[in-house]
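Enquirer:
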Amino acid sequence: MASATKRKPSARSSLAAQIEPRLRLAKAADRKARLAELYEAAEEAGVAARLKTLLDRHDGLGAFVASVSEYAPFLRSLMLGEPARLIALLGKNPKGSLDRLVTGTADAWRLDDRDALMAALRRARQEAALLIGLADLGGVWSVSDVVAALSGFADASVAATARFLLSELHREGKIKLPDPEQPDVGSGWIILGMGKSGAGELNYSSDIDLIVLFDHDVAPLADPDEAAAVFIRLTKQLVHILSEHTADGYVFRTDLRLRPDPGATNIAISTEAALQYYESFGQNWERAALIKARPVAGDVAAGEAFLAELTPYIWRKYLDYAAIADIHSIKRQIHDFRGHEEIAVAGHNIKLGRGGIREIEFFVQTQQLIAGGRNPELRGRATLDMLAGLAEGGWIDEQARDDMSASYCELRQIEHCLQMINDEQTHTLPATDEELDVVARMGGARSLAAFKKALPVTLARVRDRYGELFEAAPSLTSKLGSLVFTGDDDDPDTLNTLEGLGFRTPEQVSRTIRTWHYGRYPATRSTAARERLTEFVPALLETLATTDNADAALAAFDRFLSRLPAGVQLFSLLTSNPSLLGLLATMMASAPRMTEVVVHRAHVLDALIEPAFFGRVPSRETLEPRLAASLEEAPDYEDILDRARIFGQEQAFLIGVRVLAGTLDAGRAGIAFTDLADVLVSALFDAARREFESIHGKIAKGKVAVVAMGKLGGREMTAASDLDLIFLYDFDEKASESSGDRPLAAAQYFARLTQRLLAALSAPTAEGTLYEVDFRLRPSGNSGPLATHIDAFATYQAKDAWTWEHMALTRARPIAGDKALMTRAAKEIAGALAQKRQPKKTRASILDMRALLEQEKGGGGAWDLKQAPGGLVDIEFIAQYLQLTRGVQHPEILSTETEASLAAATKAGVLSRGDSEILLPALRLHQTLVQILRLCVEEPFDPEKVPRGMLELLARAAAMPDFARLDHHLRETEAAVRACFERLIGPLSAASEQTE
338 MASATKRKPS ARSSLAAQIE PRLRLAKAAD RKARLAELYE AAEEAGVAAR
388 LKTLLDRHDG LGAFVASVSE YAPFLRSLML GEPARLIALL GKNPKGSLDR
438 LVTGTADAWR LDDRDALMAA LRRARQEAAL LIGLADLGGV WSVSDVVAAL
488 SGFADASVAA TARFLLSELH REGKIKLPDP EQPDVGSGWI ILGMGKSGAG
538 ELNYSSDIDL IVLFDHDVAP LADPDEAAAV FIRLTKQLVH ILSEHTADGY
588 VFRTDLRLRP DPGATNIAIS TEAALQYYES FGQNWERAAL IKARPVAGDV
638 AAGEAFLAEL TPYIWRKYLD YAAIADIHSI KRQIHDFRGH EEIAVAGHNI
688 KLGRGGIREI EFFVQTQQLI AGGRNPELRG RATLDMLAGL AEGGWIDEQA
738 RDDMSASYCE LRQIEHCLQM INDEQTHTLP ATDEELDVVA RMGGARSLAA
788 FKKALPVTLA RVRDRYGELF EAAPSLTSKL GSLVFTGDDD DPDTLNTLEG
838 LGFRTPEQVS RTIRTWHYGR YPATRSTAAR ERLTEFVPAL LETLATTDNA
888 DAALAAFDRF LSRLPAGVQL FSLLTSNPSL LGLLATMMAS APRMTEVVVH
938 RAHVLDALIE PAFFGRVPSR ETLEPRLAAS LEEAPDYEDI LDRARIFGQE
988 QAFLIGVRVL AGTLDAGRAG IAFTDLADVL VSALFDAARR EFESIHGKIA
1038 KGKVAVVAMG KLGGREMTAA SDLDLIFLYD FDEKASESSG DRPLAAAQYF
1088 ARLTQRLLAA LSAPTAEGTL YEVDFRLRPS GNSGPLATHI DAFATYQAKD
1138 AWTWEHMALT RARPIAGDKA LMTRAAKEIA GALAQKRQPK KTRASILDMR
1188 ALLEQEKGGG GAWDLKQAPG GLVDIEFIAQ YLQLTRGVQH PEILSTETEA
1238 SLAAATKAGV LSRGDSEILL PALRLHQTLV QILRLCVEEP FDPEKVPRGM
1288 LELLARAAAM PDFARLDHHL RETEAAVRAC FERLIGPLSA ASEQTE
């Protein structure tokens, strides 16, 4: 096999004179047949005599040429198609022939006709292929010579094409080239060779990998706004000229997929966009690829300037061990996806398989990434040169250098032999002995058996050296199995792992996670974020797999991630806090409503990162100064509303997370949601009032009280509760209007102030909404004024209120406004509840109300937790009935909180111990379930349509072994509550027909 060291022929000797065949000659009969075929073609071309003279002059030349023709149908077609070309190449110095060929190709851009250019390039490629093939198989050129010749011709071909297109564009007046005789200079069109093209290491039938860029600041376009369109069109034409198959064949297959994010970018992009991508989203495998990047055509100076700007990205200042896992994972995917994990001979891929060329390249590139930042001498492109540099720097020992260098040359020669046969971009050895013997003969093996024995030794040597490099690298396989998401292709083992975890669409999962690694979301754009993401993903997948719908949970997490502004902190936090990750997974799988909150308002998760989250639920005394501090920083009223919404959403989210996690029971959750609402209503009322007074002034001795009703008043709010409010006011009767620049009459003033509060609480802003607000519990309901004078309120409650309005009043609680009026409002409410009543009439009114509700809103079944017979309304009506009928004698049972009222009634003897033991556990059960359901779903709950995880969550929250047991227990509980209701108040069948 040839070595890396180039053998120096005489400067004037011909190719024929230098040939010392590396290949093993074909069988005599086959050689005879091929020579006869060649002479026949030469005879037809009129050069038979010249051919005979040449072959007779050099011993063994005929046998060599015949063997090449026998083994390689592609080279045979070139010989037979133009024997004169063969004779000319054999009769001249190969280096001189190559130089003339490359120079002529580079100058082909001067042809005026595109078809002529395409034909000239293809004929030049045929000549180059024949010359290089003969020099390689003839032992004239080393591996380094061969790859340099192939790469030099490719550079000339691409350069000629680029110059032709730029010159054509110049003649059209669309670009003003500084020097039309050097069209590429100063053009701003950058063509980078990547991979083997950039390294000058092309294989015999190689594609060329290119990245095409344009520099806005350099390109002298007539219309700079058309830069993208112009250079995209030029790039398409470049690819067409080089890759199109014609009667003369093709020049090079061209691949543009190594450009930044090829699935989302044009085939030519601006240098500014490319730099932004690499600096923000670039992955380690792209850094490795850019090691070999080289301007091969177009504006070389601009290309070099671009690469110089990328230097800090490619070459990190510090030893970069973090890159190892990513690079190694690409190799792992190649093994698994292509089926090249095991070493073999027949059918083995000598590029991508174990012990193959790619392992040698990765062996070098990975260590370049690690050390190249501090060692500029390790930033070279050529594999053999860098193996020598690594040894010289002490990164590998001399034996490793020699092993890898020799193996590289051996494998590259085999690769070239494979490709010369039919001009195919193949790296896979034949599966049959007959075809494999051809490769062995071309490679110079003594026999097929010797070839089969030697090649595995070479492959094993490379594999072992490669393995030594990565033996301390971070594991790419979690305890769950392979989880590899680097590169463009799915890793088969990873797909198997995902399927085993319970994901129903592993391919989609793999694509989703690879999208994260491409940095297409703000949260994954930084290198640090993607490094944390790599560590985080196995834990995420394992946690999501514990849910009943892992695919849906991952899709929800993907939507969330797409809206997250940054990811480093969160990924790090979740990686180091499995319990917190479990919470998030539970939410994604079990709580669609909360998931949508996170998806659309990702900032709510900011609160999870605060240390305060892990402490106690913030009390009102804690929330007030926090909110005040935030609102004080607001520059205007609109910002106050936005900040209040952010604060409210975050705090409500934290309460909900605690409920889902089981660290906060339903009763305390109701109080927490209520404290939050109290603080927000009070703060926003004060802000709305200041804003309102700045326009309309004040009313003399004007006072306001905001009274909470319903769940807010009863301190039993959920994540989805509305705010039921009553707005009371008082003022100096002598005051006719307000004092501002735009004065209002008193009644209008307070009505408008109420509307301002309503908007402050419920109007959507850029940060969403806070609460839905309902003022229907005010005196006379929707038919009455929005704001009510305190005197009118007192009179109404004393004389005109219906029983159901006094039932609602049991939960009334002043929460904002002027303290004096709040105190009076509380006294008026207490006075209304202390009125003497006729128990029979009160009972009849309550039965009527309950029957009406059941008729209009019932029928939802046991899981209509509020309205179901024996549900929350029954329990609340019992508590309110006892307060209205027994509260005068036992004022201690008057409480806005249902549980506190029932407990006090039990202690006072108003409620029997037996009934209490039914009602209090039932209340807690219903409140627990309501809290969970309001967090999880917006639609009516249907056990058949929700994720199984939600059912498990409900059962766990209710301390039941499973949902079936919970469902049975709920139905029994509701039956017992309804029986208690009928025992204490009466059956609905006894509802009075009379109205109050």
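Residue numbers (the working numbering): 338 to 1333. We put the beta carbon where it would ideally sit given N, CA and C, even for glycine.
#1: Across the region 579-586 and the region 620-638, are there enough close Cβ pairs to call them in contact, namely three or more that are closer than 8 Å?
#2: Pop quiz: Ala1149 and Ile1166 are said to be a contact at Cβ under 8 Å. What is the actual Cβ separation, rounded to whole angstroms?
#3: Quick check on the DSSP output: the alpha helix (DSSP H) that includes Ser607 runs from which residue to which?
#4: Taking buried to mean at least 16 other C-beta atoms within 10 Å of its own C-beta, is Gly731 buried or exposed?
#5: Among Asp521, Leu595, Val555 and Ala466, whose alpha-carbon lies nearest the alpha-carbon of Arg530?
#6: Kindly indicate which three-state DSSP category Asp552 falls into: helix, strand or coil?
#7: Name the residue from Gln1092, Gly717, Gly692 and Ile707 whose alpha carbon lies nearest to the alpha carbon of Tyr745.
#8: Thinking C-beta only, is Gly523 closer than 8 Å to Ala514?
#9: Which partner residues of Arg529 appear in the DSSP bridge assignment?
#10: Tell me which residue opens and which closes the alpha helix (DSSP H) that Lys1136 is part of.
#11: Can you name the start and end residues of the alpha helix (DSSP H) that Pro843 belongs to?
#12: Just to confirm the assignment, what range does the beta strand (DSSP E) spanning Pro1151 have?
#13: Take Gly619 and list the residues in its own chain whose beta-carbon comes closer than 8 Å to its own, dropping the five residues that flank it on each side.
#14: Would you kindly check if the distance between the Cβ of Ala445 and the Cβ of Ala497 is under 8 Å?
#15: Going by C-alpha to C-alpha distance, which of Ala486, Arg387, Glu407 and Asp450 sits closest to Arg434?
#16: Short check: CB of Ala536 to CB of Phe568, under 8 Å?
#17: Where does Asn759 land, buried or exposed, given buried means 16+ other C-beta within 10 angstroms?
#18: Check Asn621 in the structure and name its three-state DSSP category.
#19: Alpha carbons only, please: which of Ser414, Leu1190, Pro420 and Tyr974 is nearest the one belonging to Thr1102?
#20: In three-state DSSP terms, what is Ile578?
#21: Are the CB atoms of Leu1001 and Ala1009 within a distance shorter than 8 Å?
#22: To the nearest whole angstrom, what separates the beta carbons of Phe1064 and Ala1006, a pair I think is in contact under 8 Å?
#23: Do the region 460-479 and the region 417-428 make contact, defined as three or more Cβ pairs closer than 8 Å?
#24: When the Cα atoms are used, what is the spatial distance from Glu714 to Glu538?
#25: Which residues in the same chain as Pro410 place their Cβ atom closer than 7 Å to its Cβ, once the five residues preceding and following it in sequence are excluded?
#26: Do Gly993 and Arg1293 have their C-beta atoms closer together than 8 Å?
#27: Buried or exposed: Glu518, going by 16 or more other Cβ atoms within 10 Å of its Cβ?
#28: Given a cut-off of 8 Å, decide if Cys1273 and Met925 are closer than it, judged by their beta-carbon atoms.
#29: Relative to the C-alpha of Thr923, which residue among Gly1286, Gln1220, Glu969 and Leu838 is closest?
#30: Would you identify the three-state DSSP class for Glu933, choosing helix, strand or coil?
#31: Count the other CB atoms within 10 Å of the CB of His677; is the residue buried (16 or more) or exposed (fewer)?
#32: Less than 7 Å between C-beta atoms, sequence neighbours within five positions excluded: which residues of the same chain meet that for Asp657?
#33: Beta-carbon within less than 6 Å of Glu808's beta-carbon, same chain only, minus the 5 sequence neighbours each way: which residues are those?
#34: Does DSSP put Leu1062 in a helix, in a strand, or in coil?
#35: Using the three-state DSSP reduction, which class does Ile697 fall into: helix, strand or coil?
#36: Which ranges would you report for the alpha helix (DSSP H) in the region 409-441 if only whole runs of at least 4 residues count?
Expert: Inspection of the coordinates gives the following:
#1: Here the region 579-586 does not lie against the region 620-638, with fewer than 3 beta-carbon pairs under 8 Å apart.
#2: As a working note, residue 1149 is residue 812 in the sequence shown. As a working note, residue 1166 is residue 829 in the sequence shown. Taking 8 Å as the upper bound for CB-CB distance, Ala1149 and Ile1166 are in contact here, some 5 Å apart.
#3: By 1-based counting over the sequence shown, the position of residue 607 is 270. Taken as a continuous stretch (DSSP letters only), Ser607 belongs to no alpha helix (DSSP H), being part of the beta strand (DSSP E) at Ala605 to Ser607.
#4: For this step, residue 731 is matched to residue 394 along the sequence shown. Only exposed fits Gly731, as fewer than 16 other CB atoms lie within 10 angstroms of its CB.
#5: Working through the sequence shown from its first residue, we reach residue 530 at position 193. For the record, residue 530 in the displayed sequence is Gly; it is not Arg. Closest option to Gly530, judged by alpha-carbon separation, among Asp521, Leu595, Val555 and Ala466: Leu595.
#6: As a first step, residue 552 is located in the sequence shown; it is residue number 215 there, counting from the start. Residue state, collapsed to three classes: coil.
#7: By one-based count along the sequence shown, residue 745 stands at place 408. It is Gly692.
#8: Residue numbering aside, residue 514 sits at position 177 when the sequence shown is read from its first letter. Residue numbering aside, residue 523 sits at position 186 when the sequence shown is read from its first letter. Note on residue identity: the sequence assigns Leu, not Ala, to residue 514. In this structure, Gly523 lies closer than 8 Å to Leu514 by Cβ.
#9: Translated into positions along the sequence shown, residue 529 becomes position 192. Note that residue 529 is Leu in the sequence shown here, rather than Arg. Answer by DSSP bridge pairing, in chain order: Ile548 and Pro632.
#10: Within the sequence shown, residue 1136 is the residue found at index 799, counting from 1. No residue range can be given for Lys1136, since it is assigned to no alpha helix (DSSP H) and is classified by DSSP as neither H nor E.
#11: As a working mapping, residue 843 is identified with position 506 in the sequence shown. Taken as a continuous stretch (DSSP letters only), the alpha helix (DSSP H) holding Pro843 covers Pro843 to His854.
#12: Counting from 1 along the sequence shown, the entry for residue 1151 is found at position 814. Judged by DSSP secondary structure, Pro1151 falls within the beta strand (DSSP E) whose first and last residues are Arg1150 to Gly1154.
#13: Along the sequence shown, read from residue 1 onward, the residue named residue 619 stands at position 282. Excluding sequence neighbours, Gly619 sits near Pro597, Tyr650, Gly856 and Thr864.
#14: Within the sequence shown, residue 497 is the residue found at index 160, counting from 1. Within the sequence shown, residue 445 is the residue found at index 108, counting from 1. Taking 8 Å as the Cβ cut-off, Ala497 and Ala445 qualify as a contacting pair.
#15: Residue numbering aside, residue 434 sits at position 97 when the sequence shown is read from its first letter. Inspection of the sequence shows that residue 434 is occupied by Ser rather than by Arg. Looking at the Cα atoms, Ala486 is the closest of the given residues.
#16: Taking the sequence shown and counting its residues from 1, the one referred to as residue 536 is at position 199. Taking the sequence shown and counting its residues from 1, the one referred to as residue 568 is at position 231. Judged by their CB atoms, Ala536 and Phe568 are not nearer to each other than the 8 Å cut-off.
#17: As a position in the sequence shown, residue 759 is number 422, starting the count at 1. Exposed.
#18: Within the sequence shown, the letter at position 284 stands for residue 621. Helix, per DSSP.
#19: The sequence position of residue 1102 within the sequence shown is 765, counting from 1. That would be Tyr974, whose Cα lies nearest to the Cα of Thr1102.
#20: Translated into the one-based positions of the sequence shown, residue 578 becomes position 241. Three-state DSSP puts Ile578 in a helix.
#21: On the sequence shown, residue 1009 is found 672 positions in, with the first residue counted as 1. On the sequence shown, residue 1001 is found 664 positions in, with the first residue counted as 1. With contacts defined by Cβ atoms closer than 8 Å, Ala1009 and Leu1001 form a contacting pair.
#22: Numbered from 1 along the sequence shown, position 727 holds the residue referred to as residue 1064. Numbered from 1 along the sequence shown, position 669 holds the residue referred to as residue 1006. Taking 8 Å as the upper bound for CB-CB distance, Phe1064 and Ala1006 are not in contact here, some 27 Å apart.
#23: Cβ pair count under 8 Å is three or more, so yes.
#24: Locating residue 714 in the sequence shown gives position 377, counting from the first residue. Locating residue 538 in the sequence shown gives position 201, counting from the first residue. Computed Cα separation, rounded: 19 Å.
#25: As a working note, residue 410 is residue 73 in the sequence shown. Ile758 and Asn759.
#26: As a working note, residue 993 is residue 656 in the sequence shown. As a working note, residue 1293 is residue 956 in the sequence shown. Going by C-beta atoms, Gly993 is not nearer than 8 Å to Arg1293.
#27: Your numbering for residue 518 matches position 181 in the sequence shown. Looking at its Cβ environment, which holds fewer than 16 other Cβ atoms inside 10 Å, Glu518 is exposed.
#28: Reading the sequence shown from its first residue, position 588 is the one you call residue 925. Reading the sequence shown from its first residue, position 936 is the one you call residue 1273. Going by C-beta atoms, Met925 is not nearer than 8 Å to Cys1273.
#29: Here residue 923 corresponds to residue number 586 of the sequence shown, with the count starting at 1. That would be Gly1286, whose Cα lies nearest to the Cα of Thr923.
#30: Here residue 933 refers to the residue found at position 596 when the sequence shown is read from its first residue. Glu933: helix per DSSP, three-state reduction.
#31: Start at 1 with the first residue of the sequence shown, and residue 677 comes out as number 340. Its pLDDT being 42, under 50, His677 is placed unreliably by the model, and the measurement read from it follows with that caveat. Its Cβ being crowded by 16 or more others within 10 Å, His677 is buried.
#32: What you label residue 657 is simply residue 320 of the sequence shown in a count that begins at 1. Confidence is the limiting factor: at Asp657 the pLDDT is only 45, short of 50, which leaves the residue's position unreliable, though a coordinate-based value still follows. Counting only Cβ-Cβ distances below 7 Å, and skipping sequence neighbours, we find Leu706, Ile707 and Gly710.
#33: Mapped onto the sequence shown, residue 808 falls at position 471. Low confidence applies to Glu808: its pLDDT is 49, below 50, so where it sits in the model is not reliable, and the reading given next is rough at best. Contacts found: none.
#34: The residue you call residue 1062 lines up with position 725 of the sequence shown. In the structure shown, Leu1062 adopts extended strand secondary structure according to DSSP, grouped into three states.
#35: Here residue 697 refers to the residue found at position 360 when the sequence shown is read from its first residue. Looking at Ile697 - three-state DSSP - the assignment turns out to be helix.
#36: Taking only runs of at least 4 residues, the alpha helix (DSSP H) segments lying wholly in the region 409-441 are 410-418 and 420-428.
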